[in-house]
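**Student:** Chains as they are written, first to last, in the numbering used here: chain A, 1 to 369; chain B, 1001 to 1369. Beta carbons are placed, not taken as given, at the ideal position from N, Cα and C, and that holds for glycine.
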């Protein structure tokens, strides 16, 4: 016990001596919250469009206006197709609408009229959005235009509701979700260096010559960084609910317990990387590749796991952030759902324990070469 | 001149040896990004597929079953869980077993037969706003097609013909591949450079380098060329993979593309070396790198369009090399960007590269002791 205590004190001193790790525990959450709050918007986005109108009737001029008045688009008027091509190529506009010359004639005859929409397919998500914009703005215009009397009433109407987030504010899930990214980074990045550093500097060999057991070393690394991580977690939650006023419906106790389990996993990943690679440069390369990138791309935060091919859905099962994000979003937005808490906590615990065992085994191996 | 070349050659050789002496690190520098490229591009998509639905069909009539079968035959939806009570309906949604709920009232069939209006409740899980909105859109499309059919006549409406330029089928993979190449090159290049001087400082060899006959300029070149060569190689391999395995035809000019990558990487190397000169330990360097990478990636336009950000952040993205790097990879690979547009994106990169690299060269010697 005394040995463990000494090791923890040593580690804390080391953390205090190089304040970069403490700074990062507070700076990283701050940067990421500011970005997710103000820089990222996954909801309906405002895009600039080009309109080329070949139909000179008065009614159609109001259609052009209604595109201009929509809060989702800025419109620019073009006279010929070459200018549109150039504007799309230089990303000045994201899509273009061409109103053919027989548009109003068709409508007055009671026929369906057609609009041509050109999108910049190199930005797939925006391209998908704008198709719907065009259709809905045009049909809204139609229902208010003089052609309206021909439109039959709808028998079945849809009452669409968005539960847990009725206004579909993406900040309500992405800001809590970003806690997962910060916690992964703090857990993995900091710890991936600590054992590697000791090997690099040779202090690990000294340590292994003493009566210190592997279990002491392992706990001596886990405990101080766990506290640092939880400190950062507290700061995260403070920013999230006090400063940025993200609604929180769940229980803070559960939030901290399960965040603790998640941190335990992240520390495990970092320490495992560190004890296998024993070199700070390679360790940080790997830490970035298994820490930051998969959390961003595969955890379900930005890209839905359900839409992935089946093989990759199974692959995400080994990623702790996947469970944590599912939990934290639900805890914030739906309140406590016990099934979600239990399943995610269970998988996180299993992964965390496996990692802990692996770190322990790896540290036990002592000097090999 | 001869001495100059000799000095630089010696330093470059030494740098290559430090980076590549370890077979593990050779494998990791090239292998890890390629592995990530393959995984992320296949897994991550913003398309919404495999939506699971819970259905509360109180009508249980031919009409309601007809409507539901349309959902079942739609490629967007996957499993259907039929429930008998409101409580189960809610439970399935709460526990994220399904992403959507459809509830049909018991007078559904009667009202349609009477020609009355009837309402269907569609609930979408708002914990994932993007998917929720898209899924709700699919549902209303299906219901509106159903409406048209029971109305028995062709509605007057506006149709749109959509042409997606540069990516006719709106393959999400095409979009994400070009972004991921830029992201992965960024991560590798930054870690390679940001640790290089910090490592020498930590080990004390940087002092030796400074008292050697090498000038600041020579050290700068010696420190930039090896990462540049490795990153160029890595980026070219990744682009090769994109073109060969993902069947994306390379739309732009290959020589412009290599010039663009060269300058983008140079700007990133500038940032990396700047971080490295400021930091005294590898830990500080990696944490600073992370604090740079996260905002740089998130504010590059990859996740959320730049035009949509607050004006202040839009200006901030002008010093973000990733923004231009991504525009260039996407523009040249998918859109076949012309010389003038390429130049517009290269100039800011040149400015970033020049200002960071000069700062580095100037601060080298001042930082002694």
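#1: Under 7 Å, CB to CB, which of the residues in the region 1222–1237 of chain B have a partner in chain A?
#2: Residues of chain E with a CB under 9 Å from the CB of residue 1160 of chain B: which are they?
#3: Measuring straight from C-alpha to C-alpha, what distance separates residue 1099 of chain B and residue 1053 of chain B?
#4: Against residue 304 of chain A, what residues of chain B qualify as contacts under a CB-to-CB distance less than 7 Å, listed in chain order?
#5: Please return the same chain residues whose Cβ sits closer than 6 Å to the Cβ of residue 1131 of chain B, not counting the five positions on each side in sequence.
#6: Take every Cβ of the region 110–128 of chain A, pair it with every Cβ of the region 89–99 of chain A, and state whether three or more of those distances are shorter than 8 Å.
#7: State yes or no: is the C-beta of residue 1324 of chain B within less than 7 Å of the C-beta of residue 1345 of chain B?
#8: Here's the rule: buried if 16 or more other CB atoms are within 10 angstroms of the residue's CB, otherwise exposed. What is residue 1114 of chain B?
#9: Mapping the DSSP letters down to three states, classify residue 1096 of chain B as helix, strand or coil.
#10: Cβ closer than 8 Å: which chain A residues qualify as neighbours of residue 1167 of chain B?
#11: Under 7 Å Cβ-Cβ, which residues of chain A neighbour residue 1313 of chain B?
#12: Can you tell me which of the three DSSP states residue 1119 of chain B falls into?
#13: In chain order, what residues of the same chain lie with their CB nearer than 7 Å to the CB of residue 315 of chain A, ignoring the 5 residues before and after it?
#14: Out of B/1096, B/1073, B/1055 and B/1314, state which residue places its alpha-carbon closest to the alpha-carbon of residue 1080 of chain B.
#15: Using a Cβ cut-off of 8 Å, which residues of the region 186–219 of chain A contact any Cβ in chain B, in chain order?
#16: Which of the three DSSP states is assigned to residue 1164 of chain B in this structure?
#17: Can residue 65 of chain A be considered in contact with the ligand MG, in the sense that its beta carbon sits closer than 6 Å to one or more heavy atoms?
#18: Do you know offhand how far residue 8 of chain A's Cα is from residue 1184 of chain B's?
#19: If we ignore side chains and look at the alpha-carbon of each, how far apart do residue 1354 of chain B and residue 1231 of chain B end up?
#20: Scan the region 1304–1333 of chain B for residues whose Cβ lies nearer than 8 Å to a Cβ of chain A and list them as they occur along the chain.
#21: Should residue 1249 of chain B go down as buried or exposed, given a rule of 16 or more other Cβ atoms within 10 Å for buried?
#22: Just list the residues that DSSP pairs residue 163 of chain A with in beta bridges.
#23: What's the gap between the Cα of residue 282 of chain A and the Cα of residue 222 of chain A?
#24: Compare the C-beta of residue 42 of chain A against all C-beta atoms of chain B and say whether one is closer than 7 Å.
#25: When we look at the beta-carbon of residue 168 of chain A and count the other beta-carbons within 10 Å, is it buried (16 or more) or exposed?
#26: Residues of the region 318–341 of chain A in Cβ contact with chain B at a cutoff of 7 Å, in chain order, please.
#27: Out of B/1128, B/1070 and B/1075, which has the shortest C-alpha to C-alpha gap to residue 1102 of chain B?
#28: Based on Cα-Cα distance, which residue from B/1276, B/1078, B/1057 and B/1261 lies nearest to residue 1360 of chain B?
#29: Looking at residue 1189 of chain B: is its Cβ nearer than 7 Å to the Cβ of residue 1213 of chain B?
#30: DSSP beta-bridge partners for residue 324 of chain A?
#31: From residue 1254 of chain B to residue 219 of chain A, what distance separates their C-alpha atoms?
#32: Answer with yes or no whether the minimum CB distance from residue 289 of chain A to chain B is below 7 Å.
#33: Buried or exposed: residue 130 of chain A, going by 16 or more other Cβ atoms within 10 Å of its Cβ?
#34: Check for me: the beta strand (DSSP E) holding residue 1052 of chain B runs from which residue to which?
#35: Identify every residue that forms a DSSP beta bridge with residue 118 of chain A.
#36: Per DSSP, what are the beta-bridge partners of residue 113 of chain A in this structure?
**Tutor:** Quick look at the numbers:
#1: none
#2: Among the protein chains of the structure shown, namely A and B, there is no chain E.
#3: 6 Å
#4: The answer, in chain order, is 1048, 1128 and 1131.
#5: Only 1048 meet the Cβ criterion.
#6: A contact between stretches requires three or more CB pairs, one per stretch, nearer than 8 Å, and the region 110–128 of chain A meets this requirement with the region 89–99 of chain A.
#7: In contact: residue 1324 of chain B and residue 1345 of chain B (Cβ atoms closer than 7 Å).
#8: exposed
#9: coil
#10: 121, 122, 124 and 127
#11: 38 and 39
#12: strand
#13: Taking C-beta separations shorter than 7 Å and ignoring five residues to either side along the sequence, residue 315 of chain A has no partners in its chain.
#14: B/1055
#15: 189, 190, 193 and 197
#16: strand
#17: Among the components of this structure there are no ligands whatsoever, and the ligand MG is therefore not found.
#18: 36 Å
#19: 19 Å
#20: 1304, 1305, 1307, 1308, 1309, 1310, 1313, 1327, 1330 and 1331
#21: It is exposed - the Cβ of residue 1249 of chain B has fewer than 16 other Cβ atoms within 10 Å.
#22: B/1125
#23: 21 Å
#24: In terms of beta-carbon proximity, residue 42 of chain A lines the interface with chain B, with at least one pair separated by less than 7 Å.
#25: So residue 168 of chain A counts as buried.
#26: Listed in sequence order: 326, 329, 330, 333, 334, 337, 339 and 340.
#27: B/1070
#28: Among B/1276, B/1078, B/1057 and B/1261, the Cα nearest to that of residue 1360 of chain B is on B/1276.
#29: no
#30: The partner list for residue 324 of chain A (beta bridge, DSSP) is empty, contrary to what the question assumes.
#31: 54 Å
#32: By this cut-off, residue 289 of chain A is an interface position.
#33: buried
#34: 1051–1057
#35: A/96 and B/1163
#36: B/1158
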